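To keep things clear, I will list the structure first and then write my remarks on it.
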Amino acid sequence: MKEFANVHIDRGSSGRVFLVFAGLAQEYAMPQFEFSKALSGGGDTFVFLRDPSRSWYQHGIEGIGQNRAETLQEIKNLLSELNCNRVVTIGSSAGGYGAIDYGLYLGADDCLAFSPQTILSSSGRAKIGDDRWEKWLGKLSDVYRRDINGCCFNGARTRLHLYYGNQDSLDRIHAEKLVDSVNVSLYEVVGARHNVPAFFKKRDALREIILNVGSADYDPCSTYDFVENRTKSFDL
C-alpha cells in the first residue's frame with residue numbers, strides 16, 4: 253500500500269502493528285492523523301488512517317478502496333506485507349467505531365477504543381436521545397448504520413479495551429451496551445468527558461496506555477487512580 257493523503261505509515265521492526273483510525277475533526281477541517289505525536293519513535297509500526305467522508309469508515313477510505321470491503325482487503329494485504337505478529341486497532345469517537353468494526357473483521361489481537369459510538373442506527377440513537385453528529389450520520393443510509401453489540405464478539409479473537417469519560421452520560425450508554433460481552437473490558441475515566449485521549453495526554457498517560465494495551469502485566473487501574481474497571485460493575 254502506498255502512502256497518500258489519507259494514509260501515513262511509520263514503519264518499525266518489532267512486528268507489532270497499530271492501525272490508528274482518526275475521528276471526525278472539526279466541521280470545516282480535514283480529519284487529522286490522531287496520536288501521531290504521542291506515538292512517534294519506538295520500534296512498532298503505526299498505520300495512520302483517516303476518513304475524509306466522515307462516514308465512520310463505512311464507505312471505506314478514499315484512495316485505498318471504493319468501499320468498506322475493498323478497503324479492508326487492502327489493509328489485509330498491507331498487514332501481510334508488513335509480516336506482523338500482532339495487530340492493534342486504535343481510535344476515538346467515530347475513529348473508535350472504525351477501530352472496533354475493522355478490528356473485528358481483520359481479526360486484530362486487541363482494539364483500543366476511546367468513547368466510541370456503538371449505536372449508529374436511527375432507531376437506537378433515538379431511543380437513547382443521542383443526536384450528536386447527525387449532520388454526518390444523516391448522510392449514511394440505514395444499511396451502513398450498523399450497531400455494535402455483544403454478538404459481534406462471539407467467537408471473535410479480538411479483545412476490546414474501551415475507555416469512556418464518566419462526565420459524558422451518552423458515552424456511558426454506548427459503553428454499557430457491551431458490559432457483559434465476551435472479550436470486552438470497560439474502563440471509566442473519572443473526570444473525563446468525550447475527549448478521553450486529551451484527558452490522558454494532559455496527565456502524561458496516553459502513550460503508556462496505548463503501548464501497553466493487551467499486556468497481561470499491565471493494569472491501568474492500578475497505575476492511574478482516575479481509571480476504574482467497569483466491566484462487570486455497571487449500575488444498570
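For what it's worth, the working numbering labels the leading residue of the sequence shown as 253, then goes sequentially. Beta carbons are placed, not taken as given, at the ideal position from N, Cα and C, and that holds for glycine. Since the structure is predicted, the reported quantities are computational estimates derived from the model, not experimental observations.
At a Cβ-Cβ threshold of 8 angstroms, L331 and V272 do not count as neighbours. Between G315 and V259, the gap from beta carbon to beta carbon is short of 8 angstroms. An exposed status is given to R384, since fewer than 16 other beta-carbon atoms sit within 10 Å of its beta-carbon. Under the criterion of beta carbons closer than 8 angstroms, R445 and D477 do not qualify as touching, at roughly 18 angstroms.
For the pair L301 and A274, the CB atoms are nearer than the 8 angstroms cut-off. The beta carbons of L414 and P472 sit no closer together than 8 angstroms.
Under the 10 Å beta carbon count, E386 is surrounded by fewer than 16 other beta carbons and is classified as exposed. With respect to the C-alpha of S344, the residue from D303, S375, A257 having the closest C-alpha is D303. DSSP places T370 in the coil class of the three-state scheme, outside both helix and strand. For a cut-off of 8 angstroms, the C-beta gap from I380 to L422 is around 7 angstroms, short enough to register as a contact. Bounds of the alpha helix (DSSP H) holding G347 are 346-358.
In terms of Cβ geometry, L358 and L324 form a close pair [threshold 8 angstroms].
It is roughly 8 angstroms from the alpha-carbon of N435 to the alpha-carbon of R409. Taken through DSSP and simplified to helix, strand or coil, Y439 comes out as strand.
Boundaries of the beta strand (DSSP E) harbouring H260: 259-262, taken from the DSSP string. Counting along the chain, no alpha helix (DSSP H) covers V272; the unbroken beta strand (DSSP E) around it starts and ends at 268-273.
For the beta strand (DSSP E) assignment, the uninterrupted runs of no fewer than 3 residues enclosed by the stretch 391-465 are, from N- to C-terminal side, 411-417, 436-441. Within the DSSP bridge table, the entry for C363 names T341, L412 as partners.
For Y309, the CB contacts under 6 angstroms within the same chain, skipping 5 residues up- and downstream, are D303, G350 in chain order.
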